[in-house]
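K.L.:
Provided herewith is a single structure, encoded as structure tokens, for subsequent inquiry.
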Amino acid sequence: MDSVYRRQRHIYDLSRKYYLLGRDSLIADLAPPAGGAVLEIGCGTGRNLIAVGKTWPKARLYGVDISEAMLQTAHGSMVRANMASRVVLAQGDACSFDAEALFGRATFERVFISYALSMIPDWRKALAHAARHIAPGGRLEIVDFGQQEGLPSVWRRGLFGWLARFHVSPRAELPTAIRALAADTGGFPHSRTLYRGYAVRGGLIRV
């Protein structure tokens, strides 16, 4: 991932803001309890965590990403946003990171993944690993590319072809995987499409 993002990280937020739709609505819906811990898996440049910090100023913020290059950019962004003291960043694989070792805690009131599952080869393992880190009564929230079912087929072919150049594969089975994971963990799942299928929102509540 460092080879992919070593250069892209400098323009990532500017180039992605027009098509990573649904991120800000997810952040607005997080509603962590006062003092609650929020973990972003695949935090990238830190853009989302900064937005969470501004929207939910009493939340404690954590981010994990596999790319050291992205984490360097994220740290710089936190400093410029005067949020470095509020955010703990760590390098780790979404499928196997040790939250206790990295952050000194095993669970979080909110865990979210924004446009990262479509970039993780073993995305089902990453999804299951994320669910293990939800505190009782907490939530996992996900937004990612949908299947474009309400948009013209030529748009779908063009978008999917372009995404493939960046090793991005929208997960058609994501809603089904969320329901299966909720059944395994005893949680309550949810999923819905956004923007005529351009994006999908999903997640689960842990009981």
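Residues in the sequence shown are numbered consecutively from 1, following the numbering used here.
Just so you know, even glycine gets a beta-carbon here, dropped at the ideal spot from N, CA and C.
1. Let me know if residue 91 comes out buried or exposed under the rule of 16 or more other beta-carbons within 10 Å of its beta-carbon.
2. Excluding the 5 residues flanking residue 181 on each side, which residues of the same chain have their C-beta closer than 8 Å to its C-beta?
3. Buried or exposed for residue 155, please, with buried defined as at least 16 other CB atoms from any protein chain shown within 10 angstroms of its CB.
4. Could you give the distance in angstroms between the alpha-carbon of residue 75 and the alpha-carbon of residue 25?
5. State the DSSP-derived secondary structure class of residue 146, mapped to helix, strand or coil.
6. My parser needs the beta strand (DSSP E) runs of 3 or more residues fully inside the region 93 to 128; what are they?
7. Answer with buried or exposed for residue 45, where buried requires no fewer than 16 other C-beta atoms within 10 angstroms of its C-beta.
8. Just checking my contact of residue 37 with residue 108 at CB under 8 Å: how many whole Å lie between their CB atoms?
9. Which runs of the alpha helix (DSSP H) at least 4 residues long sit entirely within the region 171 to 198? Give them in chain order.
10. Taking 7 Å as the limit between beta carbons, can you name the residues of its chain near residue 31, skipping five residues before and five after?
11. Of the choices 149, 97, 23 and 148, whose alpha-carbon is the least far from that of residue 63?
12. From residue 93 to residue 153, what does the alpha carbon distance come to, in whole angstroms?
13. In angstroms, rounded to a whole number, what distance separates the CA positions of residue 58 and residue 166?
14. Sort out for me which residues DSSP pairs residue 90 with in a bridge.
15. Go ahead and pull the three-state DSSP assignment for residue 207.
16. To the nearest angstrom, how far is it from the Cα of residue 133 to the Cα of residue 140?
17. What number of angstroms, rounded off, separates the C-alpha of residue 101 from the C-alpha of residue 125?
18. Can you tell me which of the three DSSP states residue 200 falls into?
19. What is the C-beta distance between residue 35 and residue 60, in whole angstroms, given that I count them as a contact (C-beta under 8 Å)?
20. Given that a residue counts as buried once 16 or more other Cβ atoms are within 10 Å of its Cβ, and exposed if not, what is residue 85?
P.N.:
A quick look at the data gives this:
1. If you number the sequence shown from 1, residue 91 lands on position 91. Around the Cβ of residue 91, a 10 Å sphere holds fewer than 16 other Cβ atoms; the residue is exposed.
2. In the sequence shown, residue 181 corresponds to position 181, counting from 1. Same-chain partners within the cutoff: 127, 128, 131, 187, 189 and 204.
3. For the purposes of this step, residue 155 is taken as the residue at position 155 of the sequence shown. Burial is judged here by how many other beta carbons sit within 10 angstroms of a residue's own beta carbon; residue 155 has fewer than 16 and is exposed.
4. As a working mapping, residue 75 is identified with position 75 in the sequence shown. As a working mapping, residue 25 is identified with position 25 in the sequence shown. Going from the Cα of residue 75 to the Cα of residue 25 covers about 24 Å.
5. For the purposes of this step, residue 146 is identified with residue 146 of the sequence shown, where counting begins at 1. Looking at residue 146 - three-state DSSP - the assignment turns out to be coil, as it is neither helix nor strand.
6. With a minimum length of 3 residues, the continuous beta strand (DSSP E) runs that stay inside the region 93 to 128 are 108 to 114.
7. Working through the sequence shown from its first residue, we reach residue 45 at position 45. The residue in question, residue 45, is buried, as its Cβ has 16 or more Cβ neighbours within 10 Å.
8. As a first step, residue 37 must be located in the sequence shown, where it is residue number 37. As a first step, residue 108 must be located in the sequence shown, where it is residue number 108. Correct: roughly 4 Å between the Cβ atoms.
9. Qualifying alpha helix (DSSP H) stretches, in chain order: 174 to 185.
10. Residue numbering aside, residue 31 sits at position 31 when the sequence shown is read from its first letter. Cβ neighbours of residue 31 beyond the five flanking positions: none.
11. Residue numbering aside, residue 63 sits at position 63 when the sequence shown is read from its first letter. Nearest C-alpha to residue 63: 97.
12. If you number the sequence shown from 1, residue 93 lands on position 93. If you number the sequence shown from 1, residue 153 lands on position 153. Whole-angstrom Cα-Cα distance: 34 Å.
13. For the purposes of this step, residue 58 is taken as the residue at position 58 of the sequence shown. For the purposes of this step, residue 166 is taken as the residue at position 166 of the sequence shown. Each residue's Cα considered, the two are about 35 Å apart.
14. Within the sequence shown, the letter at position 90 stands for residue 90. Residue pairing by DSSP places residue 90 opposite 64 in a beta bridge.
15. For the purposes of this step, residue 207 is taken as residue 207 along the sequence shown, with counting starting at 1. Residue 207: coil per DSSP, three-state reduction.
16. On the sequence shown, residue 133 is found 133 positions in, with the first residue counted as 1. On the sequence shown, residue 140 is found 140 positions in, with the first residue counted as 1. One C-alpha to the other measures close to 9 Å.
17. Reading the sequence shown from its first residue, position 101 is the one you call residue 101. Reading the sequence shown from its first residue, position 125 is the one you call residue 125. Each residue's alpha carbon lies about 20 Å from the other.
18. Looking up residue 200 in the sequence shown gives position 200. Assignment of residue 200 by DSSP, reduced to helix, strand and coil, places it in the strand class.
19. Numbered from its first residue, the sequence shown carries residue 35 at position 35. Numbered from its first residue, the sequence shown carries residue 60 at position 60. That pair is a contact at about 7 Å.
20. As a first step, residue 85 is located in the sequence shown; it is residue number 85 there, counting from the start. Answer is exposed; the Cβ neighbour count stays below 16.
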